[in-house]
Amino acid sequence: MKRAFIYKDEKSHKFWWIDYSGCDFAVNYGKFDSIGKFEIKDFDTEEECLKQAEKLIHSKKKKGYVEDANFDFMHRFYIDSEEYGLHPKTSHPRFTEHFTEELYYDCVDEEAPFGSDEGSDTLDSLEETIRKNPKLNFLDYPKYLIEHDWGMEYIPVESLDPEVVKKLASKKEIDMTQSDMVTYATAFGQIKITGRLSPKLQEQGVKAIKRLALLWGNGVTEIQSRMIDDLLSFPIDKD
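Start counting the sequence shown at 1; every next residue gets the next number (the working numbering).
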């Protein structure tokens, strides 16, 4: 359950919301026009989680916060807690609704969007960058991250012909692998943070997964196939 509260006086305008269910809850709070800080708390039982959530809500009300039944949860940025990491409750509602498999919160599987070092670093970098630049261009970000921050060459997917990929990989396999992992991590990251996806990044993300399958030489795996299907079926940003 999500509940949001607002505090406003002559000097400040703040928000605080809580999402509680099961044995954990997430809170997000800060200045009204900011992304704010995210926190996750775990409990041994659902009863204890509910008790502590209600205790926090009561505390906020005592401080003058007023519940906002019309709080806009959709047009906000969602960023994982640094202390906790990947979690559905710190992901955009459109992400959690569409990407239901556990692999999207897997931080160890190399194939998962954020499971590899490259994918994890990409998401961390996206979350850090969007705090400074809310109008971040996600489409251009893979090239920027790899070339500006990592000092490597970004290799876009220009062909999925096995022979073409094999020939290019003989010279630039590491750069290609990095480029592909960062590209599809950025596509999933845009949805996870903003709930939106640009058409071109959707296309590039799918191609990156397919080229990576060619690079690894084992064909498209079950996980990769699921990521492709889920990415293609997500409603793209038509604005």
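Heads up, the beta-carbon is just placed ideally off N, CA and C, and yes, glycines get one too.
Thinking C-beta only, is D117 closer than 7 Å to M152? In this structure, M152 sits away from D117, with a CB-CB distance that is not shorter than 7 Å.
For the candidate residues G119, N137, E101, whose alpha-carbon lies nearest to that of P199? P199 has its Cα closest to that of N137, out of G119, N137, E101.
Inter-residue spacing [alpha-carbon to alpha-carbon] between C107 and F71: Near 31 Å, if we compare the C-alpha coordinates of F71 and C107.
R3 - partner residues in DSSP beta bridges: Note: R3 sits in a beta bridge opposite I18.
Please go through the same chain and pick out, in chain order, the residues whose beta-carbon is closer than 7 Å to the beta-carbon of S21, but skip the five residues on each side of it. These residues qualify, in order along the chain: M1.
So, using beta-carbon positions, are Y65 and Y7 closer together than 7 Å? In this structure, Y65 lies near Y7, with their beta-carbon atoms less than 7 Å apart.
Backbone secondary structure at S159 - three-state DSSP: S159: coil per DSSP, three-state reduction.
Can you tell me the Cα-Cα spacing of A185 and M227, whole angstroms? Rounded to the nearest angstrom, the two C-alpha atoms are 11 Å apart.
Buried or exposed by the 16-neighbour rule on C-beta atoms within 10 Å, applied to E111: Buried: at least 16 other Cβ atoms inside 10 Å.
Out of curiosity, what's the CA-to-CA distance linking G205 and D180? If you draw a straight line from the Cα of G205 to the Cα of D180, it is about 8 Å long.
In whole angstroms, what is the alpha-carbon distance linking V164 and K207? Their Cα atoms are separated by approximately 14 Å.
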